[in-house]
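Worksheet for the structure shown next.
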Amino acid sequence: MNRILEFFQQLRQLDFNDIGRWPLPFHIFFIALFWAVASLGAGYAFVWQSAKPVLEKAEREELDLRASFEQKQMKAANFSAYKQQLAEIERSFGAMLRQLPGKTEIPNLLVDISQTGLAAGLQEELFQPMDEIRRDFYAEKPIKIRLKGAYHEFGRFVSDIAALPRIVTLHDIDIGPTGKDAPPDQLTLNVTAKTYRYLEEEEAAAEAAKKAPAKKGTARPGGKPATAPPPKPRPAAKKVG
């Protein structure tokens with residue numbers, strides 16, 4: 058301890074204007090201190106500065122991997138709930154699909170829609186089924202309807218349509234007065250009812266084939282299929298006499 062105090066006391070007494078007369082231990086001490094500071098500076102400048110971008114990149118990748126891990130962990134924790142939700146969606150979709158009538162059931166459904174208007178006390182002036190419009194796996198059948206009656210009878214008609222076991226939707230609803238000579242409470246309802254049916258497997262396959270893009274090079278403009286040119290005949294080999 059005394060030696061350390063004596064060393065610092067001698068250090069304070071050094072004349073920095075006359076470095077050549079310093080004792081040898083102090084020369085060694087300051088040279089070692091200089092090389093230590095120089096080594097630290099060189100290490101910071103060359104090693105740390107060059108390695109800093111790599112470290113920052115690794116830190117960013119660590120954050121991304123951590124976020125990805127947390128998301129996957131959350132999905133894994135909720136996997137059973139997702140399976141139950143998917144099963145419920147499939148059951149609901151199957152129930153809705155069963156509500157779509159088949160091709161043979163459409164005539165009876167049209168009769169049910171017409172009878173619903175008559176049962177509500179409405180006078181039917183127009184019931185015009187339109188052409189089918191085919192979609193991906195189902196077809197919709199629009200029906201133009203014109204009915205006469207009172208406002209509350211229209212409400213009963215809409216309620217009874219919603220209560221049908223098959224899916225029927227109402228579009229383009231227009232209610233207006235019937236005419237000058239008609240009673241004041243009598244109105245005219247113009248509406249487009251749409252019912253839906255699922256496509257049979259053959260119909261769905263044909264619809265998908267229509268929407269599939271034609272392969273390139275299979276046909277020429279004008280509808281004629283493209284044919285490859287016939288191969289050129291090879292020249293006969295000459296005999297060497």
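Anchor point for the sequence shown: position 17 equals 74 in my numbering, and the numbering is continuous, going up by one each time.
Note that beta-carbon positions come from the ideal geometry of N, C-alpha and C, so glycine has one too.
Please read these numbers as outputs of a predicted model, since none were measured by experiment.
C-alpha gap between residue i and residue j, whole angstroms
{"i": "residue 227", "j": "residue 207", "result": "18 Å"}
{"i": "residue 167", "j": "residue 127", "result": "55 Å"}
{"i": "residue 182", "j": "residue 149", "result": "37 Å"}
{"i": "residue 135", "j": "residue 121", "result": "21 Å"}
{"i": "residue 295", "j": "residue 266", "result": "Bear in mind that a pLDDT of 43 at residue 295, under 50, signals an unreliable position, so the number given afterwards is only what the model happens to contain. Residue 295 and residue 266: Cα-Cα distance of roughly 54 Å."}
{"i": "residue 143", "j": "residue 212", "result": "37 Å"}
{"i": "residue 232", "j": "residue 205", "result": "10 Å"}
{"i": "residue 276", "j": "residue 263", "result": "Low confidence applies to residue 276: its pLDDT is 48, below 50, so where it sits in the model is not reliable, and the reading given next is rough at best. Answer to the nearest angstrom: the Cα atoms are 20 Å apart."}
{"i": "residue 114", "j": "residue 268", "result": "48 Å"}
{"i": "residue 216", "j": "residue 140", "result": "36 Å"}
{"i": "residue 188", "j": "residue 234", "result": "29 Å"}
{"i": "residue 97", "j": "residue 130", "result": "44 Å"}
{"i": "residue 91", "j": "residue 85", "result": "10 Å"}
{"i": "residue 243", "j": "residue 163", "result": "31 Å"}
{"i": "residue 145", "j": "residue 184", "result": "38 Å"}
{"i": "residue 273", "j": "residue 116", "result": "Confidence in residue 273 is poor, its pLDDT being 48 and thus under 50, which makes the residue's placement unreliable; the coordinate value appears in the next sentence. Their Cα atoms are separated by approximately 50 Å."}
{"i": "residue 110", "j": "residue 99", "result": "18 Å"}
{"i": "residue 88", "j": "residue 123", "result": "48 Å"}
Endpoints, the beta strand (DSSP E) within which residue i is located
{"i": "residue 169", "result": "Segment 163-176 is the alpha helix (DSSP H) holding residue 169; no beta strand (DSSP E) there."}
{"i": "residue 239", "result": "It is not in any beta strand (DSSP E) - residue 239 carries neither H nor E in the DSSP assignment."}
{"i": "residue 195", "result": "195-206"}
{"i": "residue 182", "result": "180-186"}
Range covered by the alpha helix (DSSP H) that runs through residue i
{"i": "residue 224", "result": "Neither: residue 224 is in no alpha helix (DSSP H) and is coded neither H nor E."}
Cβ of residue i within 7 Å of any chain B Cβ
{"i": "residue 206", "result": "No chain B appears in the structure shown, which is made up of a single protein chain."}
Proximity of residue i and residue j at Cβ, strictly below 7 Å
{"i": "residue 303", "j": "residue 230", "result": "Here the chain covers residues 58 to 298 and nothing more, so residue 303 does not appear."}
{"i": "residue 214", "j": "residue 177", "result": "yes"}
{"i": "residue 199", "j": "residue 245", "result": "no"}
{"i": "residue 202", "j": "residue 173", "result": "no"}
{"i": "residue 300", "j": "residue 197", "result": "No information on residue 300 is available, as it lies outside the stretch 58 to 298 that the chain covers here."}
{"i": "residue 194", "j": "residue 256", "result": "yes"}
Which listed residue (the options) has its alpha carbon closest to that of residue i
{"i": "residue 180", "options": "133, 188, 187 and 171", "result": "171"}
{"i": "residue 221", "options": "90, 165 and 109", "result": "165"}
{"i": "residue 190", "options": "184, 236, 260 and 137", "result": "260"}
Any alpha helix (DSSP H) of 4 or more consecutive residues that is wholly inside the region 96-151: Unbroken alpha helix (DSSP H) runs of no fewer than 4 residues, entirely contained in the region 96-151, are found at 106-134, following chain order.
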